[in-house]
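Just below is one structure, and these are the notes that go with it.
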Amino acid sequence: GAVVSQHPSWVICKSGTSVKIECRSLDFQATTMFWYRQFPKQSLMLMATSNEGSKATYEQGVEKDKFLINHASLTLSTLTVTSAHPEDSSFYICSARYDRPSHGYTFGSGTRLTVV
Amino acid sequence: AQKVTQAQTEISVVEKEDVTLDCVYETRDTTYYLFWYKQPPSGELVFLIRRNSFDEQNEISGRYSWNFQKSTSSFNFTITASQVVDSAVYFCALVYNQGGKLIFGQGTELSVKP
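If you're matching them up, the sequences are chains A and B in order.
First residue of the first sequence: 1, per my numbering; consecutive thereafter.
First residue of the second sequence: 1001, per my numbering; consecutive thereafter.
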């Protein structure tokens, strides 16, 4: 149980275009989702926390207009990287909090974004 | 401040050796949770264990064991008789209020050579 499906697993896009990454909770309702970014050989850096039906809370230094997060339903959260540039190339991973059978966090499989 | 420190950036061992990955945390809260995750080269995060701050019992799961010591704010992870498949990056993480965000350590890259 508590599975999060993340798509796409990898994407290559041209500089200046936008890319949308989706995370779906398959067998539970995710009221809270977290979006992380990970550069090679580094830790996961929290970008934002999204709650269903409300605006996302962004971490300091993360541009909200560049990284648009939408959490319109209890099973779907999306991250859109707008006007992507090569420096946005990274590994993006989502996480959802679940309450049953016990409090925990489950992660999507990640999306490797390459901007050329 | 809430913080997780994994001082070992990289560890290399030979198969069948035992290896301990260190994790030290900082929090002012009395209620918190600690986690260990494994990240193989594929990138997916694999949950290994969760421990709450009121449960200091050590845990063993097969070749894996965890030592939680509140007195030293440490939550160390030991792999016994390591195998090549254990090669991965291991992250220790802390959440200090229910539903709050996970704070990750820097990660330890474990390389197990045959």
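Think of the CB as a built atom: it goes at the ideal place given N, C-alpha and C, for glycine as much as any other residue.
Note that the structure is predicted; figures quoted are calculated from it, not measured.
Annotation for A/SER18: no beta strand (DSSP E) segment contains it, and DSSP assigns it neither H nor E. With respect to B/THR1080, B/SER1061 sits apart: the two C-beta atoms are not nearer than 8 Å.
At least one C-beta of chain A is nearer than 8 Å to the C-beta of B/GLU1044.
Selection A/GLY16, A/MET45, A/ARG24, A/LEU79 evaluated against A/THR106 yields A/ARG24 as nearest (Cα-Cα). A direct Cα-to-Cα measurement between B/SER1082 and A/GLY16 gives close to 46 Å.
The beta carbon of A/TYR92 does not come within 8 Å of any beta carbon belonging to chain B, so the residue lies off that interface. When the beta-carbon positions are compared, A/PHE28 and A/GLY1 come within less than 8 Å of each other. The residues VAL1095, in chain order, have a CB closer than 8 Å to that of B/LYS1101 in the same chain once the five nearest residues on each side in sequence are set aside. In the three-state reduction of the DSSP assignment, B/VAL1046 falls in the strand class. Among the residues of chain B, those whose CB is under 7 Å from the CB of A/THR49 are LYS1101, following chain order. Of the residues A/SER5, A/ARG112, A/ALA96, the one whose Cα lies closest to the Cα of A/ASN51 is A/ALA96. For B/LEU1110, the enclosing beta strand (DSSP E) covers residues 1108-1113. For B/GLN1106, the nearest CB of chain A lies under 8 Å from its own CB, placing it at the interface with that chain.
Within the region 1003-1085 of chain B, the complete beta strand (DSSP E) runs of at least 3 residues fall at 1003-1005, 1010-1014, 1019-1021, 1024-1026, 1033-1039, 1046-1052, 1059-1061, 1064-1069, 1074-1079. The bridge partners DSSP lists for A/LEU76 are A/ARG24, A/SER73. Residue pairing by DSSP places A/TYR58 opposite A/ALA48 in a beta bridge. B/GLU1015 and A/PHE91 have their C-alpha atoms spaced approximately 30 Å apart. Among the CB atoms of chain B, one or more fall inside 8 Å of the CB of A/SER109. B/THR1108 is positioned such that its CB atom lies closer than 8 Å to that of B/TYR1090. Cβ proximity to chain B below 9 Å picks out THR31, THR32, PHE34, TYR36, GLN38, LYS41, GLN42, SER43, LEU44, MET45, LEU46 from the region 13-47 of chain A. Under the DSSP assignment, A/SER5 falls in the beta strand (DSSP E) whose first and last residues are 4-7. The C-beta separation of A/SER9 from A/THR78 comes to about 15 Å, leaving the pair out of contact by the 8 Å criterion.
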